[in-house]
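Undergrad: Residues 44 to 196 in my numbering are what the sequence shown lists, from first letter to last.
Attaching a single structure in structure tokens format; questions to follow.
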Amino acid sequence: MPDWITHILFAFILADLLKEKKSLVLVGAVLPDLFIAPWVFLKNFGDSDLFFAVFSPTHTPFTSFLLSASFSSFFKKPHKAIALLSFGWASHLFLDLFQAPVGYMLLWPFSYAGFGFNLVYSDNLILPAAVFALFCFYLLFKGLKTKEGFRFF
Numbered sequence: 044m045p046d047w048i049t050h051i052l053f054a055f056i057l058a059d060l061l062k063e064k065k066s067l068v069l070v071g072a073v074l075p076d077l078f079i080a081p082w083v084f085l086k087n088f089g090d091s092d093l094f095f096a097v098f099s100p101t102h103t104p105f106t107s108f109l110l111s112a113s114f115s116s117f118f119k120k121p122h123k124a125i126a127l128l129s130f131g132w133a134s135h136l137f138l139d140l141f142q143a144p145v146g147y148m149l150l151w152p153f154s155y156a157g158f159g160f161n162l163v164y165s166d167n168l169i170l171p172a173a174v175f176a177l178f179c180f181y182l183l184f185k186g187l188k189t190k191e192g193f194r195f196f
């Protein structure tokens, strides 16, 4: 899976292009990995079945939408919040589809079939480097476009 920095940079670019509130999109971009920290401990100590059972559903549109809906209830405009959070997790799942050899269950709980492009392995830095380069070019282009110079935020 691409790291959180990659997910956040990619979501930042997308949110900025759409002129949307970045904070909710960035939270949505890390939402599928929200429960990974405690379960990595289990995976490293031999309980990989429990790791798979908990971690896999968080990387599905169904569960990510439910998490977005529950988080959006804390905002004044829940419909806009759910849209921005959903946009963030959709960017996360899009990047994760490039990871090999994992397949993500996009239709879970209706189907357990995995899907993925299987282009980049987790230990390979091609995807994070490509997203970082895209981010740098985007900031450079945006900075050259403004009259004040480099105004990123």
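Even for Gly, the Cβ is constructed at its ideal location relative to N, Cα and C.
Predicted model only: the values in this text are computed from it and were never measured.
Evaluate contact between the stretch 120-130 and the stretch 139-147, counting only Cβ atoms and requiring at least three cross-stretch pairs below 8 angstroms.
TA: Under the 8 angstroms Cβ criterion, the stretch 120-130 does not count as touching the stretch 139-147, having fewer than three qualifying pairs.
Undergrad: Run through DSSP, which three-state label would Ala156 get?
TA: coil
Undergrad: Would you kindly work out how many angstroms separate the C-alpha atoms of Tyr147 and Lys120, rounded to a whole number?
TA: 31 angstroms
Undergrad: Report the residue from Ala72, Ser116, His50, Lys62 whose alpha carbon sits nearest the alpha carbon of Ser107.
TA: Ala72
Undergrad: Thinking C-alpha only, which one of Pro171, Ala176, Ser116, Lys185 is nearest Thr49?
TA: Pro171
Undergrad: Report the rounded CA-to-CA distance for Thr103 versus Phe175, giving the unit in angstroms.
TA: Spanning the two alpha carbons is a distance of roughly 25 angstroms.
Undergrad: What is the DSSP secondary structure of Val73, reduced to helix, strand or coil?
TA: Note: Val73 maps to helix in three-state DSSP.
Undergrad: Anyone know if the C-beta pair for Ala143 and Gly157 falls short of 8 angstroms?
TA: no
Undergrad: Per DSSP, Tyr147 forms a beta bridge with which residues?
TA: As DSSP reads the structure, Tyr147 sits in a beta bridge with Phe158.
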